[in-house]
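Protein chains in written order, with our numbering: chain A, 1336 to 1643; chain B, 9 to 729.
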């Protein structure tokens, strides 16, 4: 598979190879049964021919291309763009806080690898994928497309990301929701270091527009465990006042405060029918993605499914 | 303030390390960008000035700890610490105790021995020693025995060690004491060093010391504070100072006369001194000396009748219950009784002059002695037919010459432990004998013959023997002869000789000192050479009592065995073998019943087993192997220690007047001496405690300012789960 890939920065052949035939199963947007994974609820709405596929038992008789049968004496079915694809939009938070990394990989770098890999998986199952990068405002928006060439554009966009401080995540999610014209599968990759209510407002807007939302909460292990010892000066990455302190003395407070935030965030996601997953940047990407996909397979009746 | 190990002060250079670390880490608060600022509790803030101050305090604590550690390792002490408040520093010292264990220390005044008093003195000294301080204990005798060298003082163990010690029947060798004590003091690692020499200050050792020995003691005082602790006692003592065989051929059924010398070392006359002679622990003779004046010696003759062949333990004992020193009340020797003595008389001419020799040797034999004492006379021309190994002694008189083979045979004969007596005469070919006896470098005869000289005066009367004789077993009976009887012996003609190296003159002529009888050793045997004839042609000796006395003494002497000579405590005991023995070890049984195995060593084709140091007085038993019969060896105490008089207190003080050496006559003096020598204080232990405290403080402070965090490196894309 990897030898056919274009030269990209954020697609690691090893990761992709380990992902194998995993598919990003999207519920709600793609419903029903086709031979593949998805059946569009918008059947007949779009008639844009995509390509032929050899007939398989279970395919609609009406989709058989009799002309081709007449020429070749074989059954082929016609596949249409809107019938076979779902739209996936990956939102990458490129705010300055994402630039933190206790190891050699920052959260933003990790997010870029994650976004590229997800885009590849979506494209591989012949669905459409788009990308939006935001910080204090929406920097880039690439509408979903199913052509393989979109991966190069995604790669370029990711490469050109320059982190800047953000103000409100809710505002960016509102703006992005306005840009998306079709119901879509939205994957938000962010550290979500903002007000929980603000975040939830943004997520609710997306859900209100009918999008299926998955939050990949990207965190550095030092942010999770706060293992600092000694005397440290913490310089805020988004313009906060620096703090010189002894982390061992404030560790308990930090972990308690961080825990409350995480609980509130998860509770908010559940309440908004948003799938939530914590991404620890110290974990290998391939392992994380495999676990994510398998988890999605096994939780088809997850919080989003409960939505009427 | 001084330092015991000043070189270790260089460790103070280590102070650069914390300063360097401080400079390198100055203002280095670790910084990091941080995204999750909203979760940090901003109430706990550290200001940079506060950090700098704490870092500086930490650096100071570390520097101080290193400086104090270097000082503590260098072991600081003050020699004069009167100004130092009590509680600061310790009054520590390394102590060397030298205990005189020569046998004069066993002298008792009726209540306690000097050695027991010395132990009490040492207990007073050790009361002032801190546990853990270095201590050395030396036992002084013929050699210095270091029982403990620089050991940490532990009162119980030290007392046990002290109580295990006993007086040795050895004399004190004072000459080596300063050197030994100085070496011990120099090897001792202590801020102040003290030497205590506990001794009875025997007058013979301490009075009139050699100048160099006095200087050596003064030199010793430079290495350590030195105190002599005298243990005084009475001076009365009676001792047997000698026991020797005077006359008699040691063979079966003969009587031998021994002479015991008793000396009164005390200041009062002693009366009715009974001396008992014992042979194999059986009393054979008892004599009483009516009176012995102070400082005088008296001798008694003790007779022993030997009825059986073999070794006999001979001893003389004082019969007294009240003597204050028991060790020297007994003197011992060994007689090895031969079952048969054979003498070969080789005569240069057959005119009957050889009969003088046979008659002289048989003079006291009596009828019963004829069977085990044989004298065979042969003309010199028959010499080749004789097997020399059958004879104990060969007497050659007026033999003109011998062949080189015979000369070689005689040399081997003597080397094997036999005796040769050579008489001059008219027929002696001087040049031939000089040539024959000069084989292989070592001459057979003890002198080179030059010419015959006349020693008679104008009236034809010869010259008598010199009554001044050495203390040689051969001339011992002659010394007790009346002078007029001795002067009856006249020598008219003698050979003028040039004594060889290693030879000694036993008898000589009065006036000219011309040798009459010479002796030297060849291998394990002896050769006697008379420069006069054995008949009456050159002298009248053969017809005087001197001739049989000398001849018999010579035969006894020449047939004596190695162990008949008594030894002194401290001497080595050796067992010689003619051939290589079967057993690889010889065995010595000590008087106290212990058994000591000694390896047999080869030295120039001779095999010898040697016990290096006889430590007890009494009869040792030497055996060639564990199962072999033993040969007794008499070991006596050195009589020099019998003179137990000590230096008077005033003399003792005068002896060390003007030196750094103190003499502690009483316990109060000893206490003063200890206090004076402990004027200094040692600070290393307290310094170490302060260092430990500082390190603890540093640990507490540093734990509040730990160092760098470990930084984990990860690559999310290349690691695999």
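All C-beta atoms, glycine included, are put in the ideal place defined by N, C-alpha and C.
Counting along the chain, residue 1608 (chain A) sits inside no beta strand (DSSP E), nor does DSSP assign it H or E at all. When DSSP states are grouped into helix, strand and coil, residue 615 (chain B) belongs to the strand group. Exclusion of the five residues before and after residue 1532 (chain A) leaves no residue of its chain whose Cβ lies closer than 6 Å to its Cβ.
Within chain B, the residues placing a beta-carbon under 8 Å from that of residue 1568 (chain A) are 37, 38, 39, 40, ordered along the chain.
Proximity of residue 86 (chain B) to chain A, defined by a Cβ-Cβ separation below 8 Å, is not satisfied. Here the alpha carbon of residue 665 (chain B) sits roughly 37 Å from the alpha carbon of residue 624 (chain B).
Against chain B, a Cβ distance below 8 Å from residue 1627 (chain A) picks out nothing, because the smallest value is about 13 Å. In its chain, beyond the 5 residues on either side, 175, 176, 177, 178, 335, 645, 649 have a beta carbon closer than 7 Å to the beta carbon of residue 111 (chain B). Taken in chain order, the members of the stretch 1524 to 1541 of chain A whose beta-carbon sits within less than 7 Å of a beta-carbon on chain B are 1526, 1528. Where residue 227 (chain B) is concerned, the enclosing alpha helix (DSSP H) starts and stops at 219 to 231. Among the residues facing chain B, residue 1520 (chain A) is not included, as its CB has no counterpart in that chain under 8 Å away. Using a CB distance cut-off of 8 Å, residue 18 (chain B) does not count as an interface residue toward chain A. Leaving aside the five residues that flank residue 188 (chain B) on each side, the residues in its chain whose CB is nearer than 6 Å to its CB run, in chain order, 152. Going by DSSP, residue 1507 (chain A) is part of no beta strand (DSSP E) but of the alpha helix (DSSP H) stretching over 1504 to 1514.
Short of 6 Å from the beta carbon of residue 428 (chain B), and not among the five residues preceding or following it, lie these beta carbons of its own chain, in chain order: 402, 422, 535.
Around the beta carbon of residue 1489 (chain A), 16 or more other beta carbons sit within 10 angstroms, so the residue counts as buried. For residue 1445 (chain A), the enclosing alpha helix (DSSP H) starts and ends at 1442 to 1459. Boundaries of the beta strand (DSSP E) around residue 324 (chain B): 318 to 326.
One Cα belongs to residue 1406 (chain A), the other to residue 1460 (chain A), and the distance between them is close to 29 Å.
Listed by position along chain A, the residues whose Cβ is nearer than 7 Å to that of residue 50 (chain B) are 1578.
The Cβ of residue 1572 (chain A) sits closer than 8 Å to at least one Cβ of chain B. Flagged as an interface residue toward chain B: residue 1585 (chain A), by a C-beta distance shorter than 8 Å. Nearest neighbour of residue 692 (chain B) by Cα position, chosen from B:391, B:420, B:575, B:86, turns out to be B:86. In the structure shown, the three-state DSSP call for residue 1573 (chain A) is coil. For the 8 Å CB-CB criterion, residue 1498 (chain A) and residue 1451 (chain A) do not form a contact. Residue 44 (chain B) is classed as buried because its beta carbon has at least 16 other beta carbons within 10 Å across all chains shown. Residues are counted here when their Cβ sits less than 7 Å from a Cβ of chain A; for the stretch 59 to 77 of chain B these are 59, given in chain order.
Only residues of its own chain outside the window of five on either side were considered, and among them 226 have a CB closer than 6 Å to the CB of residue 667 (chain B), listed in chain order.
The C-beta of residue 43 (chain B) comes closer than 8 Å to at least one C-beta of chain A.
By alpha-carbon distance to residue 364 (chain B), the top candidate from B:347, B:346, B:350, B:383 is B:383. Taking the beta carbon of residue 57 (chain B) as reference, no residue of chain A falls within 9 Å; the closest one sits roughly 11 Å away. When secondary structure is reduced to three states using DSSP, residue 164 (chain B) falls in the helix class. Residues of the stretch 1587 to 1602 of chain A with a Cβ closer than 8 Å to any Cβ of chain B, in chain order: 1588, 1589, 1592, 1593, 1596. Spatial neighbours of residue 1475 (chain A) in its own chain (CB-CB distance under 6 Å, excluding positions within 5 residues in sequence) are listed in chain order as 1468, 1492. For residue 24 (chain B), the uninterrupted alpha helix (DSSP H) run begins and ends at 24 to 32, by DSSP. Minimum Cα-Cα distance from residue 14 (chain B) among the listed residues B:197, B:49, B:221 corresponds to B:197.
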